[in-house]
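The structure appears below as structure tokens.
4 protein chains.
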Amino acid sequence: MPRPATNLRESILDQARRLLLAEGYTRMSMRRIASRVGCTATSLYLYFKNKNGLFHALMDEGMDKLFVGLDHVLESTDTTPQERLRGVFRTYLDFGLENPEFYEVMFLLHPRHTRRYPPEKYRAARNRLERVGADIALARGDDPDPAEVQVLAALAWTSLHGTISLLVAQRVDARLDQETLVDRAVEHAMALALPPQS
Amino acid sequence: MPRPATNLRESILDQARRLLLAEGYTRMSMRRIASRVGCTATSLYLYFKNKNGLFHALMDEGMDKLFVGLDHVLESTDTTPQERLRGVFRTYLDFGLENPEFYEVMFLLHPRHTRRYPPEKYRAARNRLERVGADIALARGDDPDPAEVQVLAALAWTSLHGTISLLVAQRVDARLDQETLVDRAVEHAMALALPPQS
Amino acid sequence: MPRPATNLRESILDQARRLLLAEGYTRMSMRRIASRVGCTATSLYLYFKNKNGLFHALMDEGMDKLFVGLDHVLESTDTTPQERLRGVFRTYLDFGLENPEFYEVMFLLHPRHTRRYPPEKYRAARNRLERVGADIALARGDDPDPAEVQVLAALAWTSLHGTISLLVAQRVDARLDQETLVDRAVEHAMALALPPQS
Amino acid sequence: MPRPATNLRESILDQARRLLLAEGYTRMSMRRIASRVGCTATSLYLYFKNKNGLFHALMDEGMDKLFVGLDHVLESTDTTPQERLRGVFRTYLDFGLENPEFYEVMFLLHPRHTRRYPPEKYRAARNRLERVGADIALARGDDPDPAEVQVLAALAWTSLHGTISLLVAQRVDARLDQETLVDRAVEHAMALALPPQS
DNA sequence: AATGAATGAGCATTCATTCAT
DNA sequence: GATGAATGAATGCTCATTCAT
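Protein chains in written order, with this note's numbering: chain Z, 345 to 542; chain X, 345 to 542; chain H, 345 to 542; chain B, 345 to 542.
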């Protein structure tokens, strides 16, 4: 007996996310959210401590959604490191491209607005990055030193992040096939996990 | 030999850029710019049509600055394609990291603020990207089909853009040496220009 | 033997009084009272008609408390008029200084908040003042005319009230010993009850 | 060529003072002041930094006005200490009764609102009180110890303050002649300057 | 006896912009 | 070329109160 989607809290989050994406943090105003939801601005304060609290709730949503996807791949045991890496890269890219609103909130928004977001949440994200590093190490098979692994993982991330942000911001030439670009971005990132000796 | 911005218009742009970087588009307010410059808010309207006009002037500044750097490398004739590519990649990265305020304005800020920015300016940017593509083609030496070249150039760009944006937003683990990461990002992008099958 | 305010009504009055003293009438808000008490704002309306009603209840408390003290002295029969006067003056001063929250509510708060407070309550207060007048008359022993007695009683009151209010508002030079000042204030008021011409 | 009374700044102060007296600090809102003045709330910010600044301007006005009166008496040289004291007491009482709005702002308002008022202004007030003390010492003629003088001056002040505040708050029985009470209050305060030996 | 959800009015403040000078 | 005065709209937020449960 699932409650009807009239649940106010969720409506608020919905409209807030849309406004945030479409118009930015500042113009995502309590009043405008309320007016789209169809309630009073005051009511928002029944569900969120304040604007910042609402924003953090938005972040949480995104984080959770991303982690579920990533962990599903990272924790699979019947796979090779390469398979996991390719899976993780693609999952990350897909998450960003299919949920641009979430991705923007989490990784594109100026850190100014994100500064008070509990750091342990971002630490949880970094944690996944470390697991990616571990798989890169495994894939390369040469037991590389930890600093090198860290660099490789960061490079993979920046590469994927750049792809998502330019695509989401529609800065990439429209004549370019997005799917191709994404496939190639995965492969480009995978190159980081090739055994050395090239 | 930066002349002391006796010129009011330049002072305005100066302070506007600082405010924009430090506090974001919304809090870069006409009044606050004016107060830092030491004139009236009204005066800003003598030099710029309105806030949006001022913002576009800021964009122009950044574009010019970047193009000067890129063209210097791209137009050098006594160099190999590889040298030019490496130079362009590094120039782009350095520009972003040394002028985060410009880079943010041009490529990190949400396109909503940029929407009314004259498209020919962005076309000029895309133009440089095509020249990068040309050098990639030269470097690979196999006369690849144009679509492939476009993809490769885009991949290079996303990779560099990701590096800059995550570094500028300080999302990369602080323990990671920035210079190393930048060097490796250049090499990672250079890999795109390797002759195939090697 | 103050019973632990198990009673919700008493808890509300308690917290309301504290808030009133600490932050003033305006910031003594129903929500904040409720949150300190640990119940809903709505619940306050079960015990008080509205904020004004709650405030009047606070007044009543204070009035009762003061009257008990004053009457104890005024109604003692085995005492001289001088003793009673000195006792009343001191009781009044002590009440104000020991219960600044009550005193503020009753006599320092702007009458605007008090305007709708039932006048018979203030009449009860005036009643005590008349009894003070009677004792002054007795002490002076010259059967003075009633108007003069009224003036003397008023003077005593203003004198004590001034002492309390400046002390409570902490406007008196901190280097001045409060106890000394209070003692002297009593004596200064007692001077009004000296037989004339002496 | 005195400017017409349309001077906005003064109108604002006027209406603010009225509202403050009639309805208290909180309900003296920027919007309500503006609406009474006949301008926008925004305009108030052209003349005062913020609400607190406006309030301080109100305080300053009152302080200045009071000091002019007091100093005129205190600095007169062809007078006896007794004459000066009587004059000062009466000036203070008259100021309070004729400018209840100023007096309330300065001495009756809860210190909460006054807390950020520059302390040197209050120090200037205390300074006058010390001069009163000096005259009390002179009048008593027995070269009393400084602490005693301080107490006497404080007693005089509390006495006058009490008179003003109860009269202003209309708590004194209406049947009592105000002028008589004021005269007697002066005399009651003067008693503090009587040579000892009683 | 108590709550949860909701509201409408109000608050101080900041903003981009205009206009007469 | 620059200003001072002014505005209307918007912002985040808090308030007392009501009502159905």
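Glycine included, every Cβ here is placed at the ideal spot set by N, Cα and C.
Three-state secondary structure (DSSP) of residue i
i	result
X:Phe392	coil
X:Pro539	coil
H:Val512	helix
Z:Leu437	helix
H:Glu405	helix
B:Ser420	coil
B:Leu499	helix
X:Thr384	coil
X:Arg430	helix
B:Asp415	helix
H:Ala349	Because H:Ala349 sits at a pLDDT of 45, beneath the cut-off of 50, its placement in the model cannot be relied upon, and the following sentence gives the value as read from the coordinates. H:Ala349 falls in the coil class under three-state DSSP.
The alpha helix (DSSP H) enclosing residue i, as first and last residue numbers
i	result
X:Met374	Met374 to Val381
H:Leu588	This structure gives no information on residue 588 of chain H, because the portion of chain H shown stretches from 345 to 542.
B:Thr524	Gln522 to Met534
Z:Leu352	Leu352 to Arg371
X:Glu445	Pro444 to Tyr447
Z:Pro488	Segment: none, Z:Pro488 is in no alpha helix (DSSP H) and carries neither H nor E.
Z:Arg456	Pro455 to Thr458
Residue i: CB within 7 Å of a non-hydrogen atom of the ligand NAD
i	result
H:Leu452	Absence of the ligand NAD is noted for the structure shown, with no ligands found whatsoever.
Test: residue i CB closer than 8 Å to a CB of chain X
i	result
Z:Ala481	no
Z:Ala478	no
Z:Leu520	yes
Z:His505	yes
Z:Arg376	no
Within-8 Å CB hit, residue i to chain Z
i	result
X:Thr524	yes
X:Ala529	yes
X:Gln359	no
X:Asp517	yes
X:Gly368	yes
X:Arg470	yes
X:His295	Chain X is shown from 345 up to 542; residue 295 of chain X falls before or after that span and cannot be answered.
X:Thr502	yes
Chain H contact for residue i (CB, 8 Å cutoff)
i	result
B:Ala513	yes
B:Arg484	no
B:Pro539	no
B:Ser509	yes
B:Ala535	yes
B:Gly406	no
B:His400	no
Residue i at chain B interface by Cβ criterion, 8 Å
i	result
H:Ala498	yes
H:Ser420	no
H:Val493	no
H:Pro455	yes
If we count Cβ pairs, one from each stretch, closer than 8 Å, do we get three or more for the stretch 434-453 of chain Z versus the stretch 509-526 of chain Z?
yes
Any contact of the stretch 457-466 of chain B with the stretch 479-489 of chain B, i.e. 3+ C-beta pairs under 8 Å?
no
Is it true that the stretch 364-376 of chain X meets the stretch 527-542 of chain Z, where meeting means three or more beta-carbon pairs spaced less than 8 Å apart?
no
Quick check: the stretch 496-506 of chain B against the stretch 465-473 of chain H, are there 3 or more CB pairs under 8 Å?
no
Are at least three pairs of beta-carbons, each pair with one atom in the stretch 399-414 of chain X and one in the stretch 356-364 of chain X, less than 8 Å apart?
Cβ pair count under 8 Å is three or more, so yes.
Any chance the stretch 513-525 of chain X sits against the stretch 376-387 of chain H, with 3 or more Cβ pairs inside 8 Å?
no
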